[in-house]
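J.:
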Amino acid sequence: MGRSYFVDEAVGEYLSGLQAAPGSCVTGLLAGQSSPQRDFVVLAVQTPHRESEGQLKAPKGVSPLDDIDVEWVTEHAKQVSRMLPGGLCVLGLFLVTPPELSKDAQNGLKRLIFAVEKYIIKGRLWELSEEDVTDRVTLHICSKTKKLLCKTFDVKDPKSSAKPADWKYQTGISSSWPMLTCSVEVDLQIPVTGSSSDNTDKCMKDGLRRWAKQIEAAYCLINGRQALDDSELISGQKKNPKTTNRQTLPARIFVSDEQSELGERSSALVQVCSGSMRVRGVVHCRAYIHNNKPKARHAAQAIKRDIINTVCSRVEMFLEDLCINEGSQKGLCSGQQALPRRVFAPMPISGLSVCDYMFPDESTADVAERLKEMLDCETPEEDIDTSLENNQCVALAAAIALLATATSLLYFS
Amino acid sequence: MVYSEECDFIFRLKGILEFACQLDNPNGVQSQSTISKSFQDLRSKVTSKNIVFTVCNSPVLIWPNTGFQSSVESLTEASACGDILQWIESDDGGSKKSSKKKDKKKSGPTVVNMKLLFEVTEPAGNTAPSLIRVSTQQHCVKMPLPLDCALSVTTDERLETVCTGLVEALNKQLADMEEVVLQYRKGSSFLVPQPFHFQLPEPAGLITVVYPAGVPDSQLQAVREDLHRKFELPCDRPYLRRANAFHFPDAAYKDGYLRNPHIHLNPPNIEDAKLYLVQGVYSYHHYMQDHVDDNGWGCAYRSLQTICSWFQQQGYVETAVPTHTQIQQALVDVGDKEPRFVGSRQWIGSIEVQAVLNQLLGVTSKIMFVSQGSELATKGRELANHFQTEGTPVMIGGGVLAHTILGVVWSENTGQIRFLILDPHYTGGEDLQTITDKGWCGWKGPEFWDQNAYYNLCLPQRPKTI
Numbered sequence: 001m002g003r004s005y006f007v008d009e010a011v012g013e014y015l016s017g018l019q020a021a022p023g024s025c026v027t028g029l030l031a032g033q034s035s036p037q038r039d040f041v042v043l044a045v046q047t048p049h050r051e052s053e054g055q056l057k058a059p060k061g062v063s064p065l066d067d068i069d070v071e072w073v074t075e076h077a078k079q080v081s082r083m084l085p086g087g088l089c090v091l092g093l094f095l096v097t098p099p100e101l102s103k104d105a106q107n108g109l110k111r112l113i114f115a116v117e118k119y120i121i122k123g124r125l126w127e128l129s130e131e132d133v134t135d136r137v138t139l140h141i142c143s144k145t146k147k148l149l150c151k152t153f154d155v156k157d158p159k160s161s162a163k164p165a166d167w168k169y170q171t172g173i174s175s176s177w178p179m180l181t182c183s184v185e186v187d188l189q190i191p192v193t194g195s196s197s198d199n200t201d202k203c204m205k206d207g208l209r210r211w212a213k214q215i216e217a218a219y220c221l222i223n224g225r226q227a228l229d230d231s232e233l234i235s236g237q238k239k240n241p242k243t244t245n246r247q248t249l250p251a252r253i254f255v256s257d258e259q260s261e262l263g264e265r266s267s268a269l270v271q272v273c274s275g276s277m278r279v280r281g282v283v284h285c286r287a288y289i290h291n292n293k294p295k296a297r298h299a300a301q302a303i304k305r306d307i308i309n310t311v312c313s314r315v316e317m318f319l320e321d322l323c324i325n326e327g328s329q330k331g332l333c334s335g336q337q338a339l340p341r342r343v344f345a346p347m348p349i350s351g352l353s354v355c356d357y358m359f360p361d362e363s364t365a366d367v368a369e370r371l372k373e374m375l376d377c378e379t380p381e382e383d384i385d386t387s388l389e390n391n392q393c394v395a396l397a398a399a400i401a402l403l404a405t406a407t408s409l410l411y412f413s
Numbered sequence: 001m002v003y004s005e006e007c008d009f010i011f012r013l014k015g016i017l018e019f020a021c022q023l024d025n026p027n028g029v030q031s032q033s034t035i036s037k038s039f040q041d042l043r044s045k046v047t048s049k050n051i052v053f054t055v056c057n058s059p060v061l062i063w064p065n066t067g068f069q070s071s072v073e074s075l076t077e078a079s080a081c082g083d084i085l086q087w088i089e090s091d092d093g094g095s096k097k098s099s100k101k102k103d104k105k106k107s108g109p110t111v112v113n114m115k116l117l118f119e120v121t122e123p124a125g126n127t128a129p130s131l132i133r134v135s136t137q138q139h140c141v142k143m144p145l146p147l148d149c150a151l152s153v154t155t156d157e158r159l160e161t162v163c164t165g166l167v168e169a170l171n172k173q174l175a176d177m178e179e180v181v182l183q184y185r186k187g188s189s190f191l192v193p194q195p196f197h198f199q200l201p202e203p204a205g206l207i208t209v210v211y212p213a214g215v216p217d218s219q220l221q222a223v224r225e226d227l228h229r230k231f232e233l234p235c236d237r238p239y240l241r242r243a244n245a246f247h248f249p250d251a252a253y254k255d256g257y258l259r260n261p262h263i264h265l266n267p268p269n270i271e272d273a274k275l276y277l278v279q280g281v282y283s284y285h286h287y288m289q290d291h292v293d294d295n296g297w298g299c300a301y302r303s304l305q306t307i308c309s310w311f312q313q314q315g316y317v318e319t320a321v322p323t324h325t326q327i328q329q330a331l332v333d334v335g336d337k338e339p340r341f342v343g344s345r346q347w348i349g350s351i352e353v354q355a356v357l358n359q360l361l362g363v364t365s366k367i368m369f370v371s372q373g374s375e376l377a378t379k380g381r382e383l384a385n386h387f388q389t390e391g392t393p394v395m396i397g398g399g400v401l402a403h404t405i406l407g408v409v410w411s412e413n414t415g416q417i418r419f420l421i422l423d424p425h426y427t428g429g430e431d432l433q434t435i436t437d438k439g440w441c442g443w444k445g446p447e448f449w450d451q452n453a454y455y456n457l458c459l460p461q462r463p464k465t466i
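Protein sequence lines correspond, in order, to chains W and B. If you read the first sequence in full-length UniProt numbering, its first letter stands for residue 1, the second for the next number, and so on. If you read the second sequence in full-length UniProt numbering, its first letter stands for residue 1, the second for the next number, and so on.
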């Protein structure tokens with residue numbers, strides 16, 4: 001009794017449209033949402049060509065399967081994960097091979113799927129719960145016959161073997177998936193002990209992890225209702241397959257400062273620090289939940305994870321960038337810098353949105369380029385929504401303008 | 001607010017707020033103002049629009065600082081606070097009504113537990129995050145503040161007033177905590193300020209005092225003296241030691257012993273008689289508890305344990321209730337018994353009880369001798385006086401039995417008397433129903449005593465201390 005994957009027809013069209021050079025393989029990602037009963041695939045993206053490699057053919061004697069750049073596939077998976085809002089994740093991989101490599105494809109897929117999972121979860125600030133589905137799908141496509149072979153691997157168990165799974169096409173899978181949104185105010189004060197940049201990273205990680213635990217444990221209201229128990233997210237609603245209206249459900253999150261490790265202390269925790277870091281601002285969060293009788297608490301979990309991911313991703317990106325620019329010896333220096341801000345764009349066909357992060361010196365053109373490279377889709381720049389998070393500089397400029405006006409009023413009155 | 005004794009409800013709000021600050025120089029003059037600034041920020045936090053009270057075991061959320069909003073439509077600012085009960089799911093599935101049995105009394109005010117939360121969504125601004133880095137050598141101080149506010153109210157008090165009152169209480173508690181933190185700080189060593197609730201005699205009612213963690217009661221004498229003066233409390237008995245903290249009616253005692261089983265009994269209706277009872281709280285100690293099989297010989301030991309539990313819970317001592325072995329060892333230590341007494345099953349009497357109370361607790365006791373059981377009926381005045389002034393449980397030994405007297409109903413005019421007896425010979429479990437129904441804790445007449453045996457009573461005296 002294997003898993004059932006309900007796949008958007010558009011994904012099917014994408015997969016059949018893939019061009020593979022004769023004798024070579026094409027790898028790619030499958031993204032969507034898993035639920036205990038069934039899984040939904042809403043996006044397929046082939047692995048982008050790596051610019052450093054000029055050749056498409058494997059060197060003599062090496063099978064194209066062995067030549068797959070595992071590191072590049074996993075990096076792509078990580079980048080794509082960052083672009084997916086809450087509730088959606090990389091569910092698996094596809095592999096197109098010529099007929100003669102079909103029988104070795106399974107091993108290739110198994111190697112890849114475990115590598116991808118391992119890389120994606122590195123640095124993630126929340127743990128999978130017992131209820132999370134740990135099966136990932138591998139889809140093999142024969143380039144000649146176009147035959148599909150769909151199997152799953154349980155990534156929790158490295159020794160697990162492939163299990164058969166169903167692959168079914170449907171139209172408009174996600175067209176009526178409700179979208180949860182919220183804007184979250186973040187103000188984290190993180191002490192930094194030690195002076196190297198490794199220390200900075202570790203302290204940041206620890207600080208974020210503590211905050212992430214608060215968010216995970218937080219009380220959540222979705223559309224005004226408690227999201228704790230097994231009650232259905234949207235009860236008393238007739239399911240009309242004809243409606244394509246997507247419901248937007250506002251989420252509200254309430255935290256307490258309860259920290260279990262500070263627990264029953266009788267004195268304060270004092271650390272000698274070489275400095276501190278503060279992450280401060282408002283993040284806009286989004287999550288989708290399938291509409292096959294979703295439970296309120298799964299929806300709460302999806303939006304919470306998005307909150308955690310979006311803060312974590314941009315800090316990670318910023319520190320990576322810092323490392324490249326300032327070098328690893330520099331460590332910590334003072335100042336305020338804008339973290340990349342989140343922008344949203346429509347996902348190819350499915351009607352859901354994807355996101356990206358824009359550094360202060362970037363424009364929507366840069367975002368469009370990244371979307372093309374990572375998600376293999378053309379996005380007109382005007383479709384990229386940059387309005388959800390205000391530019392830090394805009395705010396500062398506005399404040400200065402206000403101050404100037406006030407001063408001049410005072411002066412002239 | 002109103003006097004607590006008539007109060008139907010206690011609203012209790014608990015939550016943790018993290019205190020954090022960065023000190024450049026913990027011993028410098030700036031540090032005090034930095035600490036005060038952090039507390040000021042916390043006070044702003046609790047008066048901001050972001051704070052939310054959630055009522056435990058219910059879907060009710062209240063935003064107290066936005067002109068009163070609640071997540072449940074029917075609860076508005078005009079709602080009486082009693083209306084909140086219908087939303088709370090009680091753990092046992094039943095209602096908190098008093099027992100249906102006869103001779104049982106009401107169990108006191110209903111506690112509504114609430115938790116303090118902060119909303120992080122619906123922010124005022126929309127500015128994307130920045131990273132602000134500071135690189136000066138600093139001492140980073142973090143401390144969870146265990147906020148705990150309680151308000152006694154009547155059913156018809158408006159919910160909005162209760163919530164406003166709780167916000168004020170939070171503010172005040174933060175101010176009290178700031179004072180305690182500053183007072184007990186040594187450089188970068190900070191003690192966590194802990195709130196304790198005390199039920200004081202009217203008109204003070206339910207108050208909250210903040211004490212520094214880790215500082216024993218013995219070192220807080222001056223603080224208590226000030227508070228005794230402020231609340232006009234008698235200066236000869238403790239009201240504000242940590243052990244005197246108010247026990248909320250809905251909280252179970254973790255040690256499993258029953259407290260004050262006598263309150264579930266109705267005193268006998270004797271014409272012209274007055275009631276004189278033990279004051280405060282004791283635990284019921286009896287045969288077979290703590291895996292000690294003392295059936296047949298341990299009754300005086302158990303009565304002694306009941307008395308020790310009284311002194312511990314009224315805050316006079318911090319030592320735990322002694323075991324049979326510890327009691328025997330104490331008697332050896334004072335030279336009253338030979339070393340082989342320890343581990344034996346020998347009985348003890350009132351004199352030994354007096355000796356142990358003195359040795360282990362520093363408590364002195366008066367001994368009252370009665371040559372015949374029938375004479376006990378004439379000791380009404382002495383016992384009434386004892387319960388009025390000392391209010392401690394009385395151990396009585398005679399014949400072959402020992403008991404604990406918890407009170408008397410006595411008429412000065414007619415001389416009629418009844419005794420409230422706690423019987424240590426009970427061998428069952430901590431079942432209140434059985435204990436009260438079968439009279440293991442119950443009112444007895446003068447015929448209860450062996451009319452011909454002689455009796456010794458040990459009347460423990462309260463130390464005159466706060």
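Glycine is no exception: its CB is placed at the ideal position from the N, C-alpha and C atoms.
Quick one: is B/Phe190 near chain W, going by C-beta distance under 9 angstroms?
T.: Position 190 of the second sequence holds residue 190 of chain B. Yes, B/Phe190 lies at the interface with chain W (some Cβ there is under 9 angstroms from its Cβ).
J.: In three-state DSSP terms, what is B/Gln416?
T.: Looking up residue 416 of chain B in the second sequence gives position 416. If DSSP states are grouped into helix, strand and coil, B/Gln416 belongs with coil.
J.: I'd like to know if B/Glu18 contacts chain W, where contact means its C-beta is closer than 9 angstroms to some C-beta of that chain.
T.: If you number the second sequence from 1, residue 18 of chain B lands on position 18. For B/Glu18, the answer is yes, since a Cβ of chain W falls inside 9 angstroms of its Cβ.
J.: Per DSSP, what kind of secondary structure is B/Asp290 in: helix, strand or coil?
T.: Reading the second sequence from its first residue, position 290 is the one you call residue 290 of chain B. Three-state result, B/Asp290: helix.
J.: Quick one: list the residues of chain W neighbouring B/Gly15, beta-carbon separation under 7 angstroms, in chain order.
T.: As a working note, residue 15 of chain B is residue 15 in the second sequence. Going along chain W in sequence order, the residues near B/Gly15 (Cβ under 7 angstroms) are Ser256.
J.: Give me, in chain order, the residues of the same chain whose beta-carbon lies closer than 6 angstroms to that of B/Val394; leave out the 5 immediate sequence neighbours on both sides.
T.: Counting from 1 along the second sequence, the entry for residue 394 of chain B is found at position 394. Closer than 6 angstroms at the Cβ level, and outside the excluded window around B/Val394, lie Ile405, Leu457, Leu459.
J.: Specify, as a first and last residue, the run of the beta strand (DSSP E) that W/Ala345 falls within.
T.: As a position in the first sequence, residue 345 of chain W is number 345, starting the count at 1. That run of the beta strand (DSSP E) goes 341-346.
J.: Just verifying my parser: in three-state terms, what is the DSSP assignment at B/Trp310?
T.: Residue 310 of chain B sits at position 310 when you count from the first residue of the second sequence. B/Trp310 falls in the helix class under three-state DSSP.
J.: So, does the CB of W/Gly17 fall closer than 9 angstroms to a CB anywhere in chain B?
T.: Counting from one through the first sequence, the residue named residue 17 of chain W turns up at place 17. Taking Cβ atoms only, chain B never reaches closer than 9 angstroms to W/Gly17, which makes this a no.
J.: Compute the Euclidean distance between the alpha carbons of B/Trp410 and B/Lys254, then round it to the nearest angstrom.
T.: The sequence position of residue 410 of chain B within the second sequence is 410, counting from 1. The sequence position of residue 254 of chain B within the second sequence is 254, counting from 1. The straight-line gap from Cα to Cα measures roughly 36 angstroms.
J.: According to the Cβ coordinates, are B/Ile10 and B/Ala204 closer than 9 angstroms?
T.: Taking the second sequence and counting its residues from 1, one reaches residue 10 of chain B at position 10. Taking the second sequence and counting its residues from 1, one reaches residue 204 of chain B at position 204. Not a contact, by the Cβ cut-off of 9 angstroms.
J.: Taking only the alpha-carbon atoms, compute the straight-line gap between W/Cys220 and W/Leu228 and give it to the nearest angstrom.
T.: Numbered from 1 along the first sequence, position 220 holds the residue referred to as residue 220 of chain W. Numbered from 1 along the first sequence, position 228 holds the residue referred to as residue 228 of chain W. If I take the Cα positions, the gap works out to 7 angstroms.
J.: Can you list, in chain order, the residues of its chain with a C-beta nearer than 7 angstroms to that of B/Gln279? Leave out the 5 residues immediately preceding and following it.
T.: Here residue 279 of chain B refers to the residue found at position 279 when the second sequence is read from its first residue. Answer for B/Gln279: Gly391, listed in chain order.
J.: Taking the straight line between their C-alpha atoms, what separation do you get for W/Gly108 and W/Asp132?
T.: As a position in the first sequence, residue 108 of chain W is number 108, starting the count at 1. As a position in the first sequence, residue 132 of chain W is number 132, starting the count at 1. Rounded to whole angstroms, W/Gly108 to W/Asp132 spans 25 angstroms at the Cα level.
J.: By the criterion of Cβ-Cβ separation under 9 angstroms, what are the contact partners of B/Lys186 in chain W?
T.: Stepping through the second sequence from its first residue, residue 186 of chain B is reached at position 186. In chain order: nothing, as chain W lies at least about 10 angstroms away.
J.: Just to confirm my understanding: we take W/Ala20, look at its own chain, exclude 5 residues before and 5 after, and list those with CB closer than 7 angstroms. What are they?
T.: Here residue 20 of chain W corresponds to residue number 20 of the first sequence, with the count starting at 1. The answer, listed in chain order, is Val26, Val96, Ser143.
J.: Check whether chain W comes within 9 angstroms of B/Gly93, counting only Cβ atoms and requiring the distance to be less than that.
T.: As a position in the second sequence, residue 93 of chain B is number 93, starting the count at 1. Low local confidence applies: a pLDDT of 46 at B/Gly93 is under 50, so the model's placement there is unreliable, with the coordinate-based value given in what follows. So no, B/Gly93 is outside the interface.
J.: Per DSSP, B/Glu338 is paired with what?
T.: Here residue 338 of chain B refers to the residue found at position 338 of the second sequence. Per DSSP, none; premise fails for B/Glu338.
J.: Any beta carbon of chain W sitting closer than 9 angstroms to that of B/Lys254?
T.: As a first step, residue 254 of chain B must be located in the second sequence, where it is residue number 254. Not one chain W Cβ lies under 9 angstroms of B/Lys254.
J.: With burial defined as no fewer than 16 other Cβ atoms inside 10 Å of the residue's Cβ, what is the status of B/Lys379: buried or exposed?
T.: Here residue 379 of chain B corresponds to residue number 379 of the second sequence, with the count starting at 1. Per the 10 Å Cβ criterion, buried.
J.: Would you mind sorting W/Gly32 into buried or exposed? The rule is 16 or more other CB atoms within 10 Å of its CB.
T.: Taking the first sequence and counting its residues from 1, one reaches residue 32 of chain W at position 32. Result: buried.
J.: From B/Val180 to B/Thr47, what does the alpha carbon distance come to, in whole angstroms?
T.: Residue numbering aside, residue 180 of chain B sits at position 180 when the second sequence is read from its first letter. Residue numbering aside, residue 47 of chain B sits at position 47 when the second sequence is read from its first letter. Cα to Cα, the separation comes out at about 21 angstroms.
J.: Does the region 157-177 of chain W come close enough to the region 263-270 of chain W that 3 or more CB-CB pairs lie under 8 angstroms?
T.: The answer is no - the region 157-177 of chain W does not touch the region 263-270 of chain W, with fewer than three Cβ pairs under 8 angstroms.
J.: Which ranges does the alpha helix (DSSP H) cover as unbroken runs of at least 4 residues, wholly within the region 25-92 of chain W, from first to last along the chain?
T.: List check, alpha helix (DSSP H) in window: 70-83.
J.: Locate the alpha helix (DSSP H) running through W/Asp201, then write down its first and last residues.
T.: Taking the first residue of the first sequence as position 1, residue 201 of chain W is located at position 201. Segment 197-217, the alpha helix (DSSP H) holding W/Asp201.
J.: At the level of alpha carbons, what is the spacing between B/Asp103 and W/Asp230?
T.: Residue mapping note: residue 103 of chain B aligns to position 103 of the second sequence, counting from 1. Residue mapping note: residue 230 of chain W aligns to position 230 of the first sequence, counting from 1. Here the model assigns B/Asp103 a pLDDT of 35, short of 50, so the residue's position is not dependable, and the following value carries that caveat. So the two alpha carbons sit approximately 44 angstroms from each other.
J.: Just to confirm the assignment, what range does the beta strand (DSSP E) spanning W/Phe254 have?
T.: Counting from 1 along the first sequence, the entry for residue 254 of chain W is found at position 254. Its beta strand (DSSP E) spans residues 248-255.
J.: Just the Cα atoms here: how many angstroms apart are W/Gly335 and B/Ala128?
T.: Looking up residue 335 of chain W in the first sequence gives position 335. Looking up residue 128 of chain B in the second sequence gives position 128. Distance between the alpha carbons of W/Gly335 and B/Ala128: 16 angstroms.
J.: Which residues in chain W sit within 8 angstroms of B/Thr54, going by Cβ to Cβ distance?
T.: By one-based count along the second sequence, residue 54 of chain B stands at place 54. Going along chain W in sequence order, the residues near B/Thr54 (Cβ under 8 angstroms) are Tyr219, Phe254.
J.: Could you tell me whether the region 349-368 of chain B touches the region 436-453 of chain B, where touching means 3 or more Cβ pairs closer than 8 angstroms?
T.: Verdict: no, contact absent.
J.: Can you give me, in chain order, the residues of the region 278-294 of chain W that have a beta carbon less than 7 angstroms from any beta carbon in chain B?
T.: Those would be Arg278, Val279, Arg280, Gly281, Val282, Val283, in chain order.
J.: Indicate, with yes or no, if the ligand COA has a heavy atom lying under 8 angstroms from the CB of W/Met204.
T.: Annotation note on the ligand COA: not contained in the displayed structure, which lists no ligands.
J.: What residue does the beta strand (DSSP E) around B/Ile367 start on, and which one ends it?
T.: Position 367 of the second sequence, counted from the start, is the residue given in the question as residue 367 of chain B. 365-370 is the extent of the beta strand (DSSP E) around B/Ile367.
J.: Determine the closest residue to B/Asp293 out of B/Val317, B/His197, B/His324, B/Ala273, with distance taken between C-alpha atoms.
T.: Translated into positions along the second sequence, residue 293 of chain B becomes position 293. Comparing Cα-Cα distances from B/Asp293 to each of B/Val317, B/His197, B/His324, B/Ala273, the minimum goes to B/His324.
J.: Express the C-alpha separation of W/Ser102 and W/Leu149 in angstroms, rounding to a whole number.
T.: Residue mapping note: residue 149 of chain W aligns to position 149 of the first sequence, counting from 1. Residue mapping note: residue 102 of chain W aligns to position 102 of the first sequence, counting from 1. Spanning the two alpha carbons is a distance of roughly 10 angstroms.
J.: Give me the chain W residues within the contact set of B/His425, using Cβ-Cβ distance strictly less than 9 angstroms, ordered along the chain.
T.: For the purposes of this step, residue 425 of chain B is taken as residue 425 along the second sequence, with counting starting at 1. By Cβ distance, chain W contributes nothing, its closest Cβ being about 39 angstroms from B/His425, past 9 angstroms.
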